[in-house]
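Each remark here refers to the structure printed beneath this line.
2 protein chains.
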Amino acid sequence: MATTAPRVEARGGENRREALLDAAAAMFATKGYDGTSIRDIAGAVGMLPGSLYYHFKSKEDLLIAVYRKGVARFEAAIDAALGGTVDEPWQAIEAACAAHLSILLDGGDYARIVNPEFVRSFPPAMLPTLNAERDRYERHFEKLIAALPLDPQTDRWLFKVALFGSLNWSQTWYRKGRYTPHDIAAAFIGMLRLKQA
Amino acid sequence: MATTAPRVEARGGENRREALLDAAAAMFATKGYDGTSIRDIAGAVGMLPGSLYYHFKSKEDLLIAVYRKGVARFEAAIDAALGGTVDEPWQAIEAACAAHLSILLDGGDYARIVNPEFVRSFPPAMLPTLNAERDRYERHFEKLIAALPLDPQTDRWLFKVALFGSLNWSQTWYRKGRYTPHDIAAAFIGMLRLKQA
DNA sequence: GAGGCTACCAAACAAGTGTTTGCTATGACA
DNA sequence: TGTCATAGCAAACACTTGTTTGGTAGCCTC
Numbered sequence: 042m043a044t045t046a047p048r049v050e051a052r053g054g055e056n057r058r059e060a061l062l063d064a065a066a067a068m069f070a071t072k073g074y075d076g077t078s079i080r081d082i083a084g085a086v087g088m089l090p091g092s093l094y095y096h097f098k099s100k101e102d103l104l105i106a107v108y109r110k111g112v113a114r115f116e117a118a119i120d121a122a123l124g125g126t127v128d129e130p131w132q133a134i135e136a137a138c139a140a141h142l143s144i145l146l147d148g149g150d151y152a153r154i155v156n157p158e159f160v161r162s163f164p165p166a167m168l169p170t171l172n173a174e175r176d177r178y179e180r181h182f183e184k185l186i187a188a189l190p191l192d193p194q195t196d197r198w199l200f201k202v203a204l205f206g207s208l209n210w211s212q213t214w215y216r217k218g219r220y221t222p223h224d225i226a227a228a229f230i231g232m233l234r235l236k237q238a
Numbered sequence: 042m043a044t045t046a047p048r049v050e051a052r053g054g055e056n057r058r059e060a061l062l063d064a065a066a067a068m069f070a071t072k073g074y075d076g077t078s079i080r081d082i083a084g085a086v087g088m089l090p091g092s093l094y095y096h097f098k099s100k101e102d103l104l105i106a107v108y109r110k111g112v113a114r115f116e117a118a119i120d121a122a123l124g125g126t127v128d129e130p131w132q133a134i135e136a137a138c139a140a141h142l143s144i145l146l147d148g149g150d151y152a153r154i155v156n157p158e159f160v161r162s163f164p165p166a167m168l169p170t171l172n173a174e175r176d177r178y179e180r181h182f183e184k185l186i187a188a189l190p191l192d193p194q195t196d197r198w199l200f201k202v203a204l205f206g207s208l209n210w211s212q213t214w215y216r217k218g219r220y221t222p223h224d225i226a227a228a229f230i231g232m233l234r235l236k237q238a
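Protein chains in written order, with the working numbering: chain U, 42 to 238; chain E, 42 to 238.
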């Protein structure tokens, strides 16, 4: 046998914590933060409520961990999308939008937590912590928008919130099948771009 | 003195119910449905928790009443805005957007409840009831969009959700002062319209 | 002035909440 | 073989939740 065991854990190991995160993300996303109890989450992974406190020191702590994973997913997706350095600005932002949408719509439960409208249901004390994470992410888009050849009258900040609104709103109407994230990104950017032709 | 007293109520009268609705709207909007207790609401108007059940038969019943008032506000605003029959399609939709925004952003607590992202935190059983109210409202916009002279390639349904997304998202970033609802409506419509020039 | 309705109080109910505490089985390591 | 951290169980804690029930003060009508 292997003389130096590759760090085998006592019972469940590190992936039990991960299982709790997954369960929490799923239940937060569907039933909300307040609507989900510690007992629900622990029960979903076959644990007793008290045992959860070995892995997380409070329910809020658990939420923050879930939220961080959510933001990380968005950042990874957008990094990957912009990795191939597209230098045409409209193509670049369309790629970023498509990446954002694919996580938002098909990225599983973690992504749903990040929505600011969702965040408002969280304990107010944690709002600064969570918003700081998100602001950092949005800055990627601000850079891409700064590079766009827009009409001089266009307020780039309003352009950003308009675009973000369209994108994030898709969570409320999107159903798998009819449109893909790429379709939607292309259509939205197309509407904002046509005048340049 | 007035011989026929103008319908003076026993104690609080009909406006006590209204006071409860106001308190509920305010607290739902800031702390969410689950985050607000019957005791909070009753206490805000100087009532005991049990007494609330004289006016509303359940907490869900109270929420529905608040929600209805919220939707009614939007409908009244848009009716007023389109009353002066603007027949230029772009002007008409801009007016509708401005009306929508003025309620959404400065329309008080009732309006905040109507946001679909907010609704998701409600008991799932009441979702059909609430969504039916909202769908009826959105149909006003579908009509206005149908009248727009858009590029043939533009999907009008996607146009609608993009516009609605931009508008409703403003709730997350709007702060009084910098932009007025009219400014925002003009800017958003301007971005989507420029190509027609 | 008797009856009835309105609007509310007072007090409890059962159920569910996040969290703490003490204990224990398991495997790694010396 | 003994020690030790890991990972979790079992049971309780104090508290909050939506809701119900029985009673009652004030007003209106007959």
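Each residue gets a CB set at the ideal place from its N, CA and C atoms; glycine is no exception.
Asked, Found
"By Cβ distance, which residues of its chain are closer than 8 Å to Glu50/U, with the 5 residues on each side in sequence left out?", "With a pLDDT of 43 at Glu50/U, under the threshold of 50, the predicted position of this residue should be treated as unreliable, and no value is reported."
"Taking C-beta pairs closer than 8 Å, name the residues in chain U that Glu142/E reaches, listed in chain order.", "It is Leu, not Glu, that sits at residue 142/E in the sequence shown. Under the 8 Å cutoff, chain U gives no residues; its nearest Cβ is about 12 Å from Leu142/E."
"Where does Ala139/E sit, in a helix, a strand or coil, going by DSSP?", "helix"
"Could you tell me which of Ala118/E, Arg180/E, Leu185/E sits nearest to Ala152/E, measuring between CA atoms?", "Ala118/E"
"Could you tell me the distance, in whole angstroms, from the CA atom of Met42/U to the CA atom of Arg58/U?", "Because Met42/U carries a pLDDT of 35, less than 50, the predicted location of this residue cannot be relied on, and the following value inherits that uncertainty. Met42/U and Arg58/U: Cα-Cα distance of roughly 28 Å."
"Might you give, ordered along the chain, the residues of its own chain that have their beta carbon closer than 7 Å to the beta carbon of Gly206/E, omitting 5 neighbours on each side?", "none"
"Within the 8 Å Cβ cut-off, does Phe159/E reach chain U?", "yes"
"Is there a C-beta anywhere in chain U that falls below 8 Å from the one on Ala228/E?", "yes"
"Provide the residue span of the alpha helix (DSSP H) that contains Val202/U, from first to last.", "197-214"
"Determine the contact status of Ala121/E and Val127/E, defining contact as a CB-CB distance below 8 Å.", "no"
"Does Ser211/E get closer than 8 Å to chain U when you measure Cβ to Cβ?", "yes"
"Please tell me whether Met167/U has its Cβ less than 8 Å away from any Cβ of chain E.", "no"
"Is the stretch 170-177 of chain U close to the stretch 171-190 of chain E, with three or more CB pairs under 8 Å?", "no"
"Give the DSSP-derived three-state secondary structure of Ser78/E in the structure shown.", "coil"
"Does the CB of Leu104/E have a neighbour CB from chain U at under 8 Å?", "no"
"So, for Pro90/E: in the same chain, excluding its five sequence neighbours on each side, which residues have a beta-carbon less than 6 Å away from its beta-carbon?", "Ile79, Arg80, Ala83"
"Of all the CB atoms in chain U, is at least one closer than 8 Å to the CB of Ser207/E?", "yes"
"Is Glu158/E buried or exposed, if buried means 16 or more other CB atoms sit within 10 Å of its CB?", "buried"
"Going by C-alpha distance, which of Glu116/U, Arg234/U, Trp210/U, Leu103/U is nearest Asn156/E?", "Trp210/U"
"How big is the Cα-Cα spacing for Ala238/U and Thr213/E?", "With a pLDDT of 42 at Ala238/U, under the threshold of 50, the modelled position of this residue cannot be trusted, and the question is left open."
"CA-CA distance, Tyr94/U and Ile105/U?", "15 Å"
"Give a yes or no on whether the minimum CB-CB distance between Asn156/E and chain U is below 8 Å.", "yes"
"If the cut is a Cβ gap below 7 Å, which residues of chain U does Ala133/E touch?", "The premise fails here: Ala133/E is roughly 19 Å from chain U at the closest Cβ pair, so nothing lies under 7 Å."
"Can you list, in chain order, the residues of the stretch 190-206 of chain U whose Cβ is nearer than 7 Å to any Cβ on chain E?", "Asp192, Thr195, Asp196, Leu199, Phe200, Val202, Ala203, Phe205, Gly206"
"Return helix, strand or coil for Ser99/E, following the three-state DSSP convention.", "coil"
"Could you tell me how far apart the beta carbons of Leu142/U and Ile225/U are, in whole angstroms, since I believe they sit closer than 8 Å?", "6 Å"
"Give the residues of chain U in contact with Asp150/E, contact being defined as C-beta atoms less than 8 Å apart.", "Near Asp150/E there are no residues of chain U at all, since even the closest Cβ is about 13 Å away, more than 8 Å."
"Measure how close the beta-carbons of Glu174/E and Arg109/E come, nearest whole angstrom, since I'm counting them as under 8 Å.", "7 Å"
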